[in-house]
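Engineer: Supplied in structure tokens, the structure appears directly below.
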Amino acid sequence: MKFENKTAVITGGSRGIGLAIAEKLAQGGANIAILYVGNEDEGKAAKEKLEQYGTKVEQYFCDVSDFDASKEVVDKVIGEFGGIDFLINNAGITRDKLVLNMEEKDFDAVIGVNLKGTFNMIKHTYKHFMKKRAGRIVSTSSIVGLIGNAGQANYSASKAGIIGLTKSVARELAGRGVTVNAVAPGYIGTDMTNALSDKVKESMQAQIPAKRIGTPEDVANVVAFLCSDDAAYVTGEVIRVDGGLAI
Ligand code: NAP
1 MKFENKTAVI
11 TGGSRGIGLA
21 IAEKLAQGGA
31 NIAILYVGNE
41 DEGKAAKEKL
51 EQYGTKVEQY
61 FCDVSDFDAS
71 KEVVDKVIGE
81 FGGIDFLINN
91 AGITRDKLVL
101 NMEEKDFDAV
111 IGVNLKGTFN
121 MIKHTYKHFM
131 KKRAGRIVST
141 SSIVGLIGNA
151 GQANYSASKA
161 GIIGLTKSVA
171 RELAGRGVTV
181 NAVAPGYIGT
191 DMTNALSDKV
201 KESMQAQIPA
211 KRIGTPEDVA
221 NVVAFLCSDD
231 AAYVTGEVIR
241 VDGGLAI
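Each residue of the sequence shown is one higher than the last, beginning at 1 in our numbering.
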């Protein structure tokens, strides 16, 4: 896929699914701005990895749940790159517990990063996309946003919220040539899922009709399609990338 002269902003682009998306878009020629909150070495390593594709790459330390900080970074990216073509809302966290044991701070933290962070980034790029009369917004939901999951009420609610947000903004921006879609990954091998116990991993894998855990690249391929010209007439869509897990 060709993305020359395009700029992609990828939240949570320092590792896992976000880094795979950044790599896929950079391979197609896109300039990349990654946002992350972890340690600087990790961000630098991601930047070096992405620079091998020969496009402009910058890393920004930004907590997407912070409304003002995310505005500052969006404005900086627009200034330094000359504009934004693709916004990929991928940053996400978990604080898994049964509601019985879930504390208010567990709920607020997950909603704050996953859902409010997605809103913040959309809000701060909205006028830019409107004026440009072009653009792609792709957000990472999850199959648990579609079907729920015991122990993930906060996370599932945040991911279901992303679907409502996506469909609403898709309706608002469709007339401006901006598409707004979501991907809903199933069980993908990253740091997030590596933290699960072997027992949970085995039981999840056994339930996947495709009989394998997904890779970050499986998700990146779909995101790249949604960013491509071929997907110009696809908006308000949620595409599962789950090997059939939520059929
Ligand atoms: P991951 O390996 O844990 O990476 C999460 C990324 O989000 C990291 O780059 C992290 O940055 C960034 N991040 C976390 N909090 C942030 C914040 N407040 N502001 C900015 N960036 C922040 O996760 P992943 O598995 O690749 O997941 C990526 C997305 O896919 C998430 O939204 C997740 O919910 C979703 N998803 C994953 C799976 C799966 O099976 N893995 C399934 C469905 C959906 P640092 O490195 O700086 O901490």
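Don't be surprised by glycine CBs; every beta carbon is placed ideally from N, CA and C.
1) Buried or exposed for residue 99, going by 16 or more other Cβ atoms inside 10 Å?
2) With a CB to CB cut of under 6 angstroms and the five nearest residues on each side skipped, what residues in its chain are close to residue 67?
3) Given that a residue counts as buried once 16 or more other Cβ atoms are within 10 Å of its Cβ, and exposed if not, what is residue 23?
4) In three-state terms, what does DSSP make of residue 15?
5) From residue 88 to residue 202, what does the alpha carbon distance come to, in whole angstroms?
6) Taking buried to mean at least 16 other C-beta atoms within 10 Å of its own C-beta, is residue 52 buried or exposed?
7) Taking only the alpha-carbon atoms, compute the straight-line gap between residue 4 and residue 103 and give it to the nearest angstrom.
8) Assign residue 168 to one of three DSSP states: helix, strand, or coil.
9) Taking 6 angstroms as the line, does the beta carbon of residue 149 fall inside it for any heavy atom of the ligand NAP?
10) Considering only heavy atoms of the ligand NAP, does any lie closer than 6 angstroms to the CB of residue 191?
11) In the DSSP assignment, the alpha helix (DSSP H) including residue 118 goes from what residue to what residue?
12) Counting only the same chain and skipping the five closest in sequence on each side, list residues whose C-beta sits under 7 angstroms from that of residue 172.
Structural biologist: Taking the geometry as given:
1) Result: exposed.
2) Within its own chain, the residues whose Cβ lies closer than 6 angstroms to the Cβ of residue 67, once the five positions on either side in sequence are excluded, are 120, listed in chain order.
3) Residue 23 is buried by the Cβ-count criterion.
4) Here residue 15 sits in coil by DSSP.
5) Cα to Cα, residue 88 sits roughly 30 angstroms from residue 202.
6) It counts as exposed.
7) One Cα belongs to residue 4, the other to residue 103, and the distance between them is close to 46 angstroms.
8) In this structure, DSSP gives residue 168 a helical state, which the three-state scheme calls helix.
9) Incorrect: residue 149 has no Cβ contact closer than 6 angstroms to the ligand NAP.
10) The ligand NAP has a heavy atom closer than 6 angstroms to the beta-carbon of residue 191.
11) Counting along the chain, the alpha helix (DSSP H) containing residue 118 begins and ends at 117 to 132.
12) Counting only residues of its own chain and dropping the five nearest sequence neighbours on each side, residue 172 has no CB closer than 7 angstroms to any other CB.
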